[in-house]
Amino acid sequence: MTDFQIRYGTEVAAARQAGRPVVALESTIISHGLPRPDNLRVAREIEQAVRAGGAVPATIGMVGGELVVGLDDPQIVRLAGADDVAKLSVRDLAVAAANRVDGATTVAATSAVAAAAGIGVFATGGLGGVHREAAQTFDESADLTTLAGTPIAVVCAGVKSILDVGATLERLETLGVTVVGYRSRRFPGFFVTDGGFDLDWSVDSPERVADLLAARAAHGVPRGAVLVANPVPADEQLDPALHDRVLTEGLTMLDRAGITGKAVTPFLLAHFHSATAGASLAVNVRIILRNAALAAAIAVATVNRPARTGG
Ligand code: PSU
Ligand code: MN
Numbered sequence: 002m003t004d005f006q007i008r009y010g011t012e013v014a015a016a017r018q019a020g021r022p023v024v025a026l027e028s029t030i031i032s033h034g035l036p037r038p039d040n041l042r043v044a045r046e047i048e049q050a051v052r053a054g055g056a057v058p059a060t061i062g063m064v065g066g067e068l069v070v071g072l073d074d075p076q077i078v079r080l081a082g083a084d085d086v087a088k089l090s091v092r093d094l095a096v097a098a099a100n101r102v103d104g105a106t107t108v109a110a111t112s113a114v115a116a117a118a119g120i121g122v123f124a125t126g127g128l129g130g131v132h133r134e135a136a137q138t139f140d141e142s143a144d145l146t147t148l149a150g151t152p153i154a155v156v157c158a159g160v161k162s163i164l165d166v167g168a169t170l171e172r173l174e175t176l177g178v179t180v181v182g183y184r185s186r187r188f189p190g191f192f193v194t195d196g197g198f199d200l201d202w203s204v205d206s207p208e209r210v211a212d213l214l215a216a217r218a219a220h221g222v223p224r225g226a227v228l229v230a231n232p233v234p235a236d237e238q239l240d241p242a243l244h245d246r247v248l249t250e251g252l253t254m255l256d257r258a259g260i261t262g263k264a265v266t267p268f269l270l271a272h273f274h275s276a277t278a279g280a281s282l283a284v285n286v287r288i289i290l291r292n293a294a295l296a297a298a299i300a301v302a303t304v305n306r307p308a309r310t311g312g
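Residue numbering for the sequence shown follows my numbering, starting at 2 and increasing by one per position.
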């Protein structure tokens, strides 16, 4: 596993020492995924959802070149408000540290750092994946290859619907990333409940996820990630027709503006939020809060498991 020079927040350090449940949270959704000023409020609500579930939140990010696991509130305020926060994937971490910058960690970077910190559960909104037109652009998120080698459970609402979902599922299969639906055998579509593809497995409680994680360790396959795909309930999703219309429009704008690379995801998410007059933002926030609550329950179940099963 990769080693990182990590500074732990006070509460996270204490929780690690005491063996209390901890849930990792990413900072890219704060700095680049959600619009201001909602981003700060939501960042705090996500932590609150984890606490309400009985676990300690460990929001991960870089402040002045220091990699922090368990950002405190002033640090979160800084990453939510500053204009020059870098978007950091794994390959960027050392460069950013050397340059002493502020940075927000993506799913890839957050997973790698969390696993190195011994944190086994991570909640986010939707993963990165294979972009549409990847056959020409080669644009596939480093989230995928990183998760292939990172032992962590990631609670998400599938991959962002702006991506090629089918191709992403194929890549997850190739890369050996375990994917289970939470109370569903359909892969969720982030803003929408159903992403259009079947899953082979589903789990129906946090305790069953804890069993699955224990079984992986027992069977000697602890290297890669387990995705727990948690669909937004149908009555809380973004209207699928509206979703498809706004997405088509956003992809056209992207093309016209010539936006590529790591700017693609923030651009499309921002387009969704403005074109749906905040409806997609509300769904995005609900997704993240639900995932944070489930991740907390999984972290708690994982810690309680030996007692529950008698060994
Ligand atoms: N999910 C969201 N909002 C986001 C992201 C995910 O709901 O902003 C971020 C995650 O940090 C993810 C990143 O790792 O987008 C993927 O970016 P890219 O496609 O450039 O790899
Ligand atoms: Mn990309």
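No residue lacks a Cβ here, since even glycine has one placed at the ideal position from N, Cα and C.
Taking 8 angstroms as the cut-off, the beta carbon of I7 is found closer than this to the beta carbon of L68. Comparing alpha carbon positions, the residue from A298, G10, V13, T11 closest to V156 is A298. With a cut-off of 8 angstroms on Cβ pairs, the segment 191–205 is in contact with the segment 222–235, counting three or more such pairs.
For D165, there is no enclosing beta strand (DSSP E), since its DSSP letter is neither H nor E. In the DSSP assignment, A25 forms a beta bridge with A59, F123. A Cβ-Cβ contact shorter than 8 angstroms links L200 with R187.
Per DSSP, reduced to three states, the secondary structure at P241 is helical. For T179, the beta-bridge partners assigned by DSSP are V227.
Between A81 and I47, the gap from beta carbon to beta carbon reaches 8 angstroms or more. Ranking T169, T106, A149 by CA distance to the CA of V131 puts T169 first. Distances between the C-beta of A44 and the heavy atoms of the ligand PSU are all 7 angstroms or more.
Sorting V178, R79, G150, T151 by C-alpha distance to the C-alpha of G159 places V178 at the top.
Cβ-Cβ separation between G225 and P152: approximately 7 angstroms, consistent with a contact (criterion under 8 angstroms). Taking 8 angstroms as the cut-off, the Cβ atoms of V23 and A15 do not count as close.
Per DSSP, reduced to three states, the secondary structure at P234 is coil, with no helix or strand assignment.
For G65, no alpha helix (DSSP H) encloses it, and the DSSP letter there is neither H nor E. Counting along the chain, the unbroken beta strand (DSSP E) around I7 starts and ends at 7–9. For R187, the enclosing beta strand (DSSP E) stretches over residues 187–190. The criterion of a C-beta distance shorter than 8 angstroms is not satisfied by V57 and Q76. Within the chosen limit of 7 angstroms, the ligand MN does not reach the beta carbon of D256 with any heavy atom. Three or more beta-carbon pairs separated by less than 8 angstroms are not found between the segment 114–127 and the segment 242–258, which leaves the two stretches without contact.
Under the DSSP assignment, L89 falls in the beta strand (DSSP E) whose first and last residues are 87–89. Per the Cβ contact rule, the segment 98–116 is not in contact with the segment 267–276 (fewer than 3 Cβ pairs under 8 angstroms). Taking the Cβ of H33 as the reference point, at least one heavy atom of the ligand PSU falls within a distance shorter than 7 angstroms.
Pairing G10 with G66 gives a Cβ-Cβ distance that is not under 8 angstroms. Secondary-structure assignment with DSSP links A105 through a beta bridge to G62, K88. Out of D4, G20, P38, A296, the CA that lies nearest to the CA of V114 is found in D4.
Around E12, the same chain offers V57, G71 as residues with beta carbons nearer than 7 angstroms, after the five sequence neighbours per side are excluded.
Per DSSP, the beta bridge partners of H132 are L164. In this structure, the C-beta of K88 stays at least 7 angstroms away from each heavy atom of the ligand MN.
Runs of the alpha helix (DSSP H) lying entirely within the segment 187–219, each at least 4 residues long, are 207–219 in chain order. Each residue's CA atom was taken as its position, placing L26 and T249 some 30 angstroms apart. In this structure, T138 has its beta carbon at no less than 7 angstroms from each heavy atom of the ligand PSU.
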